[in-house]
Amino acid sequence: AQTVTQSQPEMSVQEAETVTLSCTYDTSESDYYLFWYKQPPSRQMILVIRQEAYKQQNATENRFSVNFQKAAKSFSLKISDSQLGDAAMYFCAYEEKGAQKLVFGQGTRLTINP
Amino acid sequence: AAGVIQSPRHLIKEKRETATLKCYPIPRHDTVYWYQQGPGQDPQFLISFYEKMQSDKGSIPDRFSAQQFSDYHSELNMSSLELGDSALYFCASSPQGSGTTQYFGPGTRLLVL
């Protein structure tokens with residue numbers, strides 16, 4: 001079974017600085033999808049960014065970008081120019097191609113210090 | 115833009131009672147997913163439906179059942195509730211199956227006393 005590991009239970013960063021959240025996963029598949037979701041105190045799950053495994057180019061969405069290392073099975077999230085509204089729990093998630101379910105990591109709680 | 119609607123938003127039940135959670139997907143989304151998130155936990159996949167057929171199944175207890183109706187809304191039925199069923203239950207929807215972005219609803223917070 002696929003597993004997703006987020007080794008940083010908590011991270012903090014100064015406002016306007018850059019922070020990187022780590023995620024590794026274990027799979028024997030070659031075609032899959034990776035996601036980062038954000039869960040603020042409201043508990044709403046909000047998509048941050050999506051990466052397709054067959055695409056070598058790293059996905060970017062405004063201040064959010066990923067470093068996808070397929071061979072290392074690593075999928076880190078970089079947040080640039082951190083803002084107070086970025087404070088949340090961040091979940092890394094994996095979906096095997098052909099499956100219709102997400103497997104989540106344990107989450108990283110991100111605190112932004114003003 | 116329309117989002118996933120879940121009802122009720124909050125639910126309090128006694129042990130051994132039954133609960134029904136409803137999910138209304140984003141218009142033109144034909145795939146629905148259910149997740150359970152316990153306190154301090156990551157979301158755990160329960161079950162998904164594509165075009166009204168079950169498409170994938172996770173760690174859903176036998177006491178739970180779900181279905182997707184002709185209008186694509188879905189219901190999660192939970193019987194013989196246990197204290198451990200207290201959690202946030204998310205429904206998500208997507209326009210088609212694997213690999214497309216799942217858009218989550220606000221969740222139903224279930225408390226079993």
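Line by line, the protein sequences give chains A and B. Number 1 in the numbering used here belongs to position 1 of the first sequence; there are no gaps in the numbering. Number 186 in the numbering used here belongs to position 72 of the second sequence; there are no gaps in the numbering. Glycine included, every Cβ here is placed at the ideal spot set by N, Cα and C.
CA nearest to the CA of residue 198/B, picked from 123/B, 117/B, 207/B, 129/B: 129/B
Length of the line joining the Cα atoms of residue 52/A and residue 34/A: 6 angstroms
Proximity below 8 angstroms, CB of residue 116/B to CB of residue 141/B: yes
Min CB distance residue 216/B to chain A below 8 angstroms: yes
Beta bridge counterpart(s) of residue 82/A as assigned by DSSP: None, per the DSSP bridge assignment.
Through-space distance from residue 160/B to residue 111/A, alpha-carbon basis: 30 angstroms
Segment contact flag, the region 47-67 of chain A with the region 177-184 of chain B, C-beta cutoff 8 angstroms, min 3 pairs: no
Status (buried if at least 16 other CB within 10 Å, exposed otherwise) for residue 124/B: exposed
Residue 43/A: contacting residues in chain B (beta-carbon distance under 7 angstroms): 202, 221
Whole-number beta carbon distance between residue 36/A and residue 90/A, since they are thought to touch under 8 angstroms: 6 angstroms
Contacts that residue 109/A makes with chain B (C-beta to C-beta distance below 9 angstroms): Those within 9 angstroms of residue 109/A in chain B number zero; the least Cβ separation is about 10 angstroms.
Among 150/B, 139/B, 143/B, 146/B, nearest to residue 200/B - alpha-carbon criterion: 150/B
Own chain partners of residue 27/A with C-beta closer than 8 angstroms, once the 5 adjacent residues on each side are dropped: 2, 73, 94, 96
Among 56/A, 81/A, 86/A, 80/A, the one whose alpha carbon lies nearest that of residue 70/A: 56/A
Simplified DSSP state of residue 197/B, which is helix, strand or coil: helix
From 100/A, 29/A, 79/A, residue whose alpha carbon lies closest to that of residue 115/A: In this structure chain A extends from 1 to 114, so residue 115/A is not present and cannot be described.
Residues that residue 152/B contacts on chain A, provided the C-beta gap is smaller than 7 angstroms: Here the premise fails: no neighbours, minimum Cβ distance about 12 angstroms.
CB contact check: residue 106/A to chain B, cutoff 8 angstroms: yes
Residue 152/B CB to nearest heavy atom of the ligand FAD below 7 angstroms: As presented, the structure is devoid of all ligands, the ligand FAD included, so that no description of it is given.
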